[in-house]
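Under UniProt numbering, the sequence shown has 293 at position 293, and the numbering climbs by one with no breaks. See structure below.
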Amino acid sequence: LCSECGQFHLLPDNHLYNFQDEVDDELICHICLQPLLQPMDTPCGHTYCFKCLENFMQEYNFCPMDRKKLSFQQCHKSSLLVRNLLDKLLVLCPFKAECQQTMQRCELEAHLQNRCPGFKKYKAELERKKNSFSKGKEDLPAKVETNPSKDPEVPSGGSSLVAESSAAAVVSLGTAEPGLVNPAFEETEEGEFDRGILVAETSTIEIHREDPEEDLGMRIVGGKDTPLGNIVVQEVLRHSVIAADGRIAPGDHILEVNGVNISSVTHCQAVSFLRHPGPVLHLMVLQEKGFSSKTVQQDSSSAPNREVIHVTLIKKDRSEPLGIKLIRKTDEAGIFILDLLEGGLAAKNGKLSRNDRVLSINGQDLRQGTPETAAQIIQTSESRVNFVVLRQPGVQLSDSVEDGSTSNSSSSSSNGGSPVHHRRRLDQNHYRRKSTYQKKTVSIRKEPKESLGITIGGGRDNKNKLPIYVTSVQPIGCLFRDGRIKRGDILLSINGIDLTHLNYYEAVSALKSNAASHSVVLKALEILVSDPTDPPLDIKEQGFGWSPLWIMWLGLPSYLHCCQDIVLTKGNLESWGFSIVGGFEESKGNQPFFIKTIVPGTPAFRDRRLKCGDEIVAVNGVPAIGMSNSELIPMLKEQRNKVTLTVVSWPGSLV
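Spelled out as structure tokens, the structure:
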């Protein structure tokens with residue numbers, strides 16, 4: 001909680017207040033739609049909050065109201081008279097349960113620090129939490145509460161090789177995978193293969209927070225209920241705890257939080273784990289390091305108590321995926337099985353296991369081999385693929401899977417493996433969160449001077465080109481009294497004026513002008529998401545200057561999507577530098593293609609516009625809907641030097 005206003009908000013954002021009375025429209029900032037705070041006047045005669053204007057001018061060079069050219073240096077503080085009028089506005093103490101006092105806005109901070117019993121109680125509770133954290137009495141839960149009939153517990157130690165390794169491990173992601181546009185395994189002009197190895201390193205990062213409940217300041221995408229599978233960092237916010245630390249970057253995969261494996265949790269569960277308070281946070285992350293031609297030379301010493309196992313997998317056709325993820329380690333030569341894709345050929349066969357070392361495939365010695373070599377052998381195999389693996393006794397076979405279950409991702413290390421970690425079978429369209437849309441029309445009779453009492457976000461000028469949505473319903477105003485418009489609702493129109501194609505300032509203007517009438521008709525879209533396995537997030541989300549979760553945007557109907565074309569160019573010997581997951585599967589139906597990884601030093605990375613979690617709608621104007629991996633991948637690889645990707649980009653969930 002902010003010590004000045006007693007409410008949750010991001011550090012760069014304005015303080016929040018509960019005003020006792022309706023505030024005159026002349027004292028309202030037209031950016032945040034709240035009474036002005038530290039007001040600044042522009043040369044063209046408009047007034048905005050200092051922070052609102054400062055943030056706006058970082059992206060634009062014009063006045064929000066009349067769009068005249070403007071720089072922040074041209075603006076100046078409002079007169080002392082205006083500032084005093086604003087400071088004398090009456091506000092309610094935010095701790096309504098313990099304190100019902102009313103005071104001038106300028107007096108609230110002193111009230112909270114010296115007289116408010118509610119804030120005193122909050123500080124005592126915060127101190128208690130700090131003490132209990134420092135003594136190690138409150139630990140992050142070791143398992144995720146899920147439906148016991150369907151979802152297994154999340155093992156605290158993690159089920160993957162990466163999570164179990166005591167030291168940083170370097171794993172190869174450069175394998176030829178349908179479902180992955182693999183930058184490390186593409187044919188050159190001469191028909192040869194680029195032998196560069198795409199590596200990623202796992203490491204544990206310790207994040208310190210003075211305030212145990214301070215937000216981390218990053219956006220995440222993914223989760224086992226989405227085609228991405230893993231939890232991926234989409235963006236790191238400026239001036240945040242994560243930004244100040246400097247070690248986590250967009251594209252990093254978060255594998256563990258305080259020792260708990262989050263590779264098999266839903267998006268909402270991952271958000272809950274990452275929002276768990278504490279002064280110290282330990283994150284295990286997988287970070288891509290780009291290409292390396294370095295190969296591992298050392299061989300593992302002969303070890304007794306290991307058994308050699310022969311396994312034969314039979315493909316229905318040459319392109320059928322096996323469902324295996326292969327890696328290499330820093331401390332041992334050769335190739336190891338990291339994961340088996342649920343429903344994949346290898347998992348159904350049941351004889352291969354995680355941590356098996358691959359000695360040979362189809363008679364070719366791979367004791368000093370790489371995942372790329374193994375992938376090439378498997379791809380060229382007609383039907384039978386013969387594995388010889390070395391297994392240490394006691395290593396469990398992969399979990400049993402239900403017949404007919406398949407992964408939501410067709411990505412694979414050897415013609416059909418999984419993303420980095422195991423995840424359960426998903427129901428058809430489960431990535432859509434089983435969303436149901438409720439269109440509602442709200443008609444209200446009101447006084448002409450009575451405000452709607454809502455704040456909004458989004459707009460087509462937003463960098464993600466979002467529809468207009470409600471960020472809060474204030475306790476004053478006609479919509480709070482009516483009760484039908486809720487936080488998170490998408491606003492479609494007001495009094496017949498379409499809001500879905502407006503930018504933020506046009507939408508603000510439309511709402512304000514129509515709010516002056518005696519009657520208002522609002523059309524909105526409410527997305528109803530219900531999943532009993534997910535923890536409630538409403539209370540905690542208030543601490544993040546509320547914005548919708550990434551998973552909510554995935555449920556929007558297509559007419560609210562705003563696509564953008566991104567043109568990438570590359571040299572003949574370069575790869576595009578991104579991987580994709582998703583696509584049509586018989587058991588799942590049509591699923592979107594998502595950008596899963598962007599490789600440092602590649603065209604996609606240098607362009608800076610593609611982000612992890614972006615949805616690919618079309619390639620060179622050809623719609624991707626209904627395509628499978630095996631159809632889309634050749635389209636991308638055929639584009640030698642230039643490709644146009646049509647994408648929809650949704651902002652990740654803030655943690």
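All C-beta atoms in this analysis are idealised placements derived from N, C-alpha and C, irrespective of residue type, glycine included. The structure presented is a predicted model; accordingly, all values stated were derived computationally and were not measured.
Checklist entry - What is the residue span of the beta strand (DSSP E) that Thr312 lies within? => result Glu307 to Ile314
Next on the checklist: Once the 5 residues before and after Leu560 are set aside, which same chain residues still bring their CB inside 8 Å of it?
Outcome noted: Pro467, Ile490, Thr500 and Leu525
Item to check | Element boundaries [alpha helix (DSSP H), containing Cys268] | outcome: His267 to Leu274
Checklist entry - With a CB to CB cut of under 6 Å and the five nearest residues on each side skipped, what residues in its chain are close to Asp498? => result none
Next on the checklist: According to DSSP, simplified to helix, strand and coil, what is Glu98?
Outcome noted: coil
Checklist entry - What is the rounded straight-line gap between the Cα of Leu511 and the Cα of Lys465? => result 19 Å
Next on the checklist: Quick check: the Cα distance between Asn629 and Thr455, rounded to an integer number of angstroms?
Outcome noted: 42 Å
Item to check | Environment of Leu161 [buried if 16+ CB atoms lie within 10 Å] | outcome: Confidence is the limiting factor: at Leu161 the pLDDT is only 33, short of 50, which leaves the residue's position unreliable, though a coordinate-based value still follows. Flag for Leu161 reads buried.
Checklist entry - Among residues of its own chain, excluding the 5 on either side of Cys75, which ones have a beta-carbon nearer than 6 Å to its beta-carbon? => result Met40 and Thr42
Item to check | Other residues of its chain near Gln234: CB distance less than 7 Å, five sequence neighbours each side excluded | outcome: Arg219, Ile220, Val221, Pro250, Lys611, Cys612, Gly613 and Gly652
Next on the checklist: In chain order, what are the residue ranges of uninterrupted beta strand (DSSP E) at least 3 long that sit wholly in the UniProt domain "PDZ" (441-526)?
Outcome noted: 454-459, 466-473 and 490-494
Item to check | C-alpha distance - Leu340 paired with Val442, whole-angstrom precision | outcome: 51 Å
Next on the checklist: Going by DSSP, what residue range makes up the alpha helix (DSSP H) through Phe50?
Outcome noted: Phe50 to Met57
Item to check | Euclidean distance between Cα positions of Val236 and Trp650 | outcome: 15 Å
Item to check | Three-way DSSP call (helix, strand, coil) for Phe19 in this model | outcome: strand
Checklist entry - Roughly how far, in whole angstroms, is the beta-carbon of Val265 from the beta-carbon of Lys224, given that I think they are within contact range, below 8 Å? => result 6 Å
Item to check | Assigned secondary structure, Pro588 (DSSP; H/G/I helix, E/B strand, else coil) | outcome: This sequence places Lys at residue 588; Pro is not what is there. Lys588 falls in the coil class under three-state DSSP.
Next on the checklist: Quick check for students: name the residue ranges of the beta strand (DSSP E) that lie wholly in the UniProt domain "PDZ" (565-651), counting only runs of 3 or more.
Outcome noted: 578-582, 593-598, 615-619 and 642-648
Item to check | Close-in-space but distant-in-sequence residues of the same chain around residue 661 (CB under 8 Å, 5 per side omitted) | outcome: With the chain running from 1 to 655 in the structure shown, residue 661 is simply not present.
Checklist entry - What residues match up with His253 in a beta bridge as DSSP calls it? => result Val232 and Leu286
Checklist entry - In this structure, does DSSP put Gly118 in helix, strand or coil? => result helix
Checklist entry - In this structure, what does DSSP give as the bridge partners for Lys220? => result It is worth fixing the name first, because residue 220 is Ile in this sequence and not Lys. According to DSSP, which records beta bridges pairwise, Ile220 is partnered with Val233 and Ser653.
Item to check | Close-in-space but distant-in-sequence residues of the same chain around Ala515 (CB under 7 Å, 5 per side omitted) | outcome: Ser451 and Leu452
Item to check | When Ala507, Phe594 and Gly583 are compared against Gln65, the one with the closest alpha-carbon | outcome: It should be noted that the sequence gives Met, not Gln, for residue 65. With distances taken between Cα atoms, Met65 lies closest to Ala507.
Next on the checklist: Considering Cα atoms alone, identify which of Asp565, Thr226 and Glu288 is closest to His253.
Outcome noted: Glu288
Checklist entry - Could you check where the beta strand (DSSP E) with Ile337 kicks off and where it finishes? => result Ile335 to Leu340
Checklist entry - So Val91 packs on Arg105, CB below 8 Å; how close in whole Å? => result 5 Å
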